[in-house]
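Asker: I am attaching a structure below and will ask some questions about it afterwards.
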Amino acid sequence: MVGVFEAPKPEEATTHSGKASWFSGNSINGYGSAMNIFPIGTKVRVTNTANNKTVETTIVSTGPFVPGRIIDLSKDAFNAISNTSVGVIDVVVEEVK
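Structure representation (structure tokens):
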């Protein structure tokens, strides 16, 4: 048809909110994370919504596999935005482009 076109599709959201926890073990520069939303190798910025502290990490694995959690941070990355004794925190995760 003349004059008919398909509108461009909006980009998928690159910001996600949810719960984060931490894992022990080795990761790149101590600031690795596990997430199922973004592919391995993606850099993300994680913000603790309680104190607005942020940390940038690289997705190095899949997970978490616990309902309600969107990301697991390495112990060092979690410590950068909260105390590990807290265990689980509310975060906003955004892709770093």
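First residue of the sequence shown: 1286, per the working numbering; consecutive thereafter.
For every residue, glycine included, the Cβ atom is placed at its ideal position computed from N, Cα and C.
(1) Under the rule that 16 or more other beta-carbon atoms within 10 Å means buried, what is Thr1334, buried or exposed?
(2) Look up Val1371 in the DSSP assignment and say whether it is helix, strand or coil.
(3) So, at 6 Å on beta carbons, what are the nonlocal neighbours of Ser1302 in its own chain, with the 5 sequence-adjacent residues on each side left out?
(4) What does DSSP give as the partner residues of Lys1328 in its beta bridges?
(5) Spatial neighbours of Lys1338 within its chain, please: CB distance less than 6 Å, with the 5 preceding and 5 following residues excluded, ordered by chain position.
(6) Which first and last residues belong to the alpha helix (DSSP H) in which Lys1382 is found?
(7) Expressed to the nearest angstrom, what Euclidean distance is found between the alpha-carbon atoms of Ser1370 and Asn1364?
Answerer: Once the coordinates are examined:
(1) By one-based count along the sequence shown, residue 1334 stands at place 49. With fewer than 16 neighbouring CB atoms inside 10 Å of its own CB, Thr1334 falls in the exposed class.
(2) The sequence position of residue 1371 within the sequence shown is 86, counting from 1. In the three-state reduction of the DSSP assignment, Val1371 falls in the helix class.
(3) Taking the first residue of the sequence shown as 1, we reach residue 1302 at position 17. Around Ser1302: Val1377.
(4) Within the sequence shown, the letter at position 43 stands for residue 1328. BP columns for Lys1328 point to Thr1343.
(5) One-based indexing of the sequence shown puts residue 1338 at position 53. Non-local beta-carbon contacts of Lys1338 in its own chain, meaning distances under 6 Å to residues more than five positions away in sequence, involve Ile1366 in chain order.
(6) Your numbering for residue 1382 matches position 97 in the sequence shown. Under the DSSP assignment, Lys1382 falls outside any alpha helix (DSSP H); it carries neither an H nor an E label.
(7) Indexing the sequence shown from 1 puts residue 1370 at position 85. Indexing the sequence shown from 1 puts residue 1364 at position 79. Taking the straight line from one Cα to the other gives about 9 Å.
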